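Under the numbering used here, the first residue of the sequence shown is numbered 413, with each subsequent residue one higher. Backbone N, C-alpha and C fix where the C-beta goes; we use that ideal spot for every residue, glycine too. Just so you know, these numbers come straight off a predicted model, no measurement behind them. Below is one structure, written out as structure tokens; the observations come after it.
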Amino acid sequence: MPRFRFSNAPDSQIDPFNAGDPIMPGDEPEWLDEEPADEEETPYAPHGEKDGEPHKVSDDYRAPTTRGHGYDAPSIEEAPTPRAPSLGQQWQRTAEGARRAQGRSRKRTTLGCVVALAVAVTLFGVVGDLLVSCVSLVTETVADGVDAVFFENGVTFDDYVSDGGGDWRDTADELDLAAGEAVEQRLNELLADPAAGSLHDRAATYLDEELQSWEGYTAAELGIDADAWATWALTGATYELSSVYAYDDGTGSAYFDTEARNLNSIISEADTELYDYLSEHGLSVRDGEEPAPLSEEQRAEVAALWQDACERAASLEGAFVSVELARVGETWTVDEESLDEALESALGLY
């Protein structure tokens, strides 16, 4: 088989300034000598057969041997090496296990927090109850001690202070105690018997005046017993002396809390039903007219209606009032004008 190559004399020196035209790869090649005619073609075996000749002409070329860091192609005659698991799969399984472990850890942590919170709430409730009980016990003990001191002197007002060390000291002197006794004595006289006395009479008169003002009838004309109503209205009224201040110049003041029915509110609410009854029966009184007399049956109906309405409207209300005192000689007396104003406010007699 003829061979050809480009001519290239290695020993020739080329002068780039005087050289001829260069021989380019596309120029006509220079044919070499023909191969000997008697040379027979070497038979080649198909690729892969053991007894075949290599396609390349024999020469002194030696293929490089496999080094430690070189790639060793797998043999087609040996059994394939088991494939190592993918790092991605290993990481995925590891991450999945970590997430599951983290989930279990979170559940355990949450359960622990719930248990701890429940225990803390229980302990807090127990400790709170004990603390409240202790404070209540101490307060009751101190109050009992203070009451014992003042009741021994016949006075119940709480004119006392603490020295900061747990010991209570009475700041009321003899003048204060004497003035307080005078206030208690006068209030007891007024409230001792709701069915009699000046306060009872005042409540009955107040009802009569209010009915005349609102409806033009007296209590008796409507069949209402003013005395019985006053007794009912004053029942349950109480007071508690708070403090008393008496001075060397013979003057003083006393303050006390009251709890009683507000008569003005009761009459105002009950009169709504009374007005409706009188209007329905043609008994309303216009200005300048004389009231029409009620029959005995109507008087009985009005009395029952009135009492029911008053009881529905009745409730005890609290008030804080004061009175003035004056000393005549060695005796303290309550100023009646200031007492009248205090009772007017406490009982709603306005």
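- In this structure, the alpha-carbon of A640 lies about 28 Å from that of V595.
- Taking 7 Å as the cut-off, the beta carbon of L623 is found closer than this to the beta carbon of A631.
- D660 sits in coil when the DSSP states are folded into three classes, being neither helix nor strand.
- Spanning the alpha carbons of Y687 and L589 requires a straight line of approximately 50 Å.
- Relative to the Cα of I636, the nearest Cα in the group A754, E713 and R739 belongs to E713.
- With contacts defined by Cβ atoms closer than 7 Å, F668 and L653 form a contacting pair.
- Contact check for E736 against S665 passes: the beta carbons are separated by less than 7 Å.
- Contact annotation: T643 and P703 have beta-carbon atoms that are not nearer than 7 Å.
- Straight-line measurement puts the Cα of W744 at about 56 Å from the Cα of G694.
- Rounded to the nearest whole angstrom, the CA to CA distance from E701 to L619 is 22 Å.
- Runs of the alpha helix (DSSP H) lying entirely within the stretch 592–639 and spanning at least 4 residues, in chain order: 610–627 and 631–634.
- Put simply, of S625, T650 and A608 the residue whose alpha carbon is nearest the alpha carbon of E729 is T650.
- Around the CB of G592, 16 or more other CB atoms lie within 10 Å, so the residue is classed as buried.
- The three-state reading of DSSP puts D699 in coil, since its state is none of H, G, I, E or B.
- In this structure E742 is exposed. Its beta-carbon is surrounded by fewer than 16 other beta-carbon atoms within 10 angstroms.
- Taking L759 as reference, the option from D585, Q597, L603 and L587 with the minimal CA-CA separation is L603.
- Excluding sequence positions up to five before and after A638, its CB lies within less than 7 Å of the CB of A616, L619, D620 and A631, all in the same chain and listed in chain order.
- In terms of Cβ geometry, A725 and A672 do not form a close pair [threshold 7 Å].
- By a beta-carbon distance limit of 8 Å, E692 does not contact A721. Their separation comes to about 15 Å.
- A residue is called buried when at least 16 other Cβ atoms come within 10 angstroms of its Cβ; N674 meets this threshold and is buried.
- Around the beta carbon of Y659, fewer than 16 other beta carbons lie within 10 angstroms, which makes this residue exposed.
- For A754, the enclosing alpha helix (DSSP H) covers residues E748 to L759.
- Pairing Y657 with S727, the inter-Cα distance amounts to about 32 Å.
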